[in-house]
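Residue numbers (our numbering): 12 to 285. Just so it is clear, CB atoms sit at the ideal spot from N, CA and C, and this is done for glycine as well. Presented below is the structure to which this report refers.
Right, here's the structure in full:
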């Protein structure tokens with residue numbers, strides 16, 4: 012038997028279901044506290060894992076780059092086939108992009124002799140060009156509407172350049188300017204806090220605030236990684252690349268597992284409407 016109340020409940024249910032489905036169809040995660048925590052830890056792993064493979068295991072930057080580049084391509088192919096956000100796949104790609112982005116910058120600086128200032132400018136220009144092409148094509152840079160392969164391709168290209176740029180900028184502050192790892196981490200953390208404040212208090216554009224913070228979390232994570240892994244004589248804590256990488260990888264996997272369970276509960280909680 013039809014009633015206005017019954018119709019209203021159905022409309023509310025459909026609206027709620029539609030909102031949840033939009034989130035589920037998006038190929039990247041929501042921007043939450045967990046997002047930022049995992050992202051910062053992933054950048055730290057990118058720094059320490061690249062050093063571990065190339066230096067500690069003596070693979071060298073070239074061989075390490077080819078291995079990690081191949082793994083990244085494989086992970087991206089899986090990610091694009093999924094056509095939706097799967098926490099384990101997505102964050103694996105982020106970790107691999109972080110490592111590859113670090114290696115790209117390190118090879119330019121250490122092997123090709125390009126200065127940190129120049130690499131920062133190069134990757135900054137590449138990132139701006141990516142954003143320009145993305146906006147010209149899609150009319151938005153929002154990560155809340157990554158529903159197509161084309162938008163996801165722009166997204167991952169931008170992510171790669173943010174990691175490469177962040178690596179160069181982080182090394183420029185910590186090593187090029189001789190500020191040290193801890194002061195550099197405080198500087199980048201302070202700028203991120205200022206951007207967050209500007210967004211919530213002065214209504215800084217959400218998309219601009221996100222990408223500025225995303226770029227800066229790379230040098231923040233890199234500075235933290237170097238601070239924890241480098242020996243005390245070099246201004247670090249002395250945990251080493253193995254210990255630091257292991258700690259953060261366990262933390263990342265724990266959070267990703269938790270998020271995966273939460274996502275399954277979301278799917279099971281979708282209402283059945285007429």
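Cβ shell of residue i (< 7 Å), same chain only, five flanking positions each side left out
i           : result
residue 236 : 55, 58, 59, 255
residue 93  : 100
residue 271 : 98, 99
residue 153 : 218
residue 180 : 131, 230
Buried versus exposed call for residue i [16 or more other C-beta atoms within 10 Å across all chains shown]
i           : result
residue 172 : buried
residue 74  : exposed
residue 261 : exposed
residue 169 : buried
residue 39  : buried
residue 249 : exposed
residue 90  : buried
residue 195 : buried
residue 201 : exposed
Element boundaries [alpha helix (DSSP H), containing residue i]
i           : result
residue 230 : 217 to 240
residue 198 : 192 to 213
residue 62  : 44 to 62
residue 162 : 160 to 182
residue 76  : 71 to 93
residue 135 : 127 to 149
residue 98  : 98 to 117
Neighbourhood of residue i by C-beta distance below 6 Å, restricted to the same chain and skipping five residues each side
i           : result
residue 232 : 51, 54, 55
residue 166 : 157
residue 182 : 127
residue 86  : 103, 104, 107
residue 67  : 252
residue 242 : 249
Cβ-based neighbour list, residue i, same chain, cut-off 8 Å, excluding 5 preceding and 5 following
i           : result
residue 16  : Low confidence applies to residue 16: its pLDDT is 48, below 50, so where it sits in the model is not reliable enough to give any reading.
residue 227 : 177, 199, 202, 203, 206
Cβ distance (whole Å) where residue i is taken to contact residue j below 8 Å
i           : j           : result
residue 130 : residue 120 : 6 Å
residue 229 : residue 177 : 2 Å
residue 112 : residue 174 : 3 Å
residue 204 : residue 210 : Actually they are not in contact, since the Cβ atoms of residue 204 and residue 210 sit about 11 Å apart, beyond 8 Å.
residue 114 : residue 61  : 5 Å
Beta carbon proximity, residue i to chain D, threshold 9 Å
i           : result
residue 277 : No chain D appears in the structure shown, which is made up of a single protein chain.
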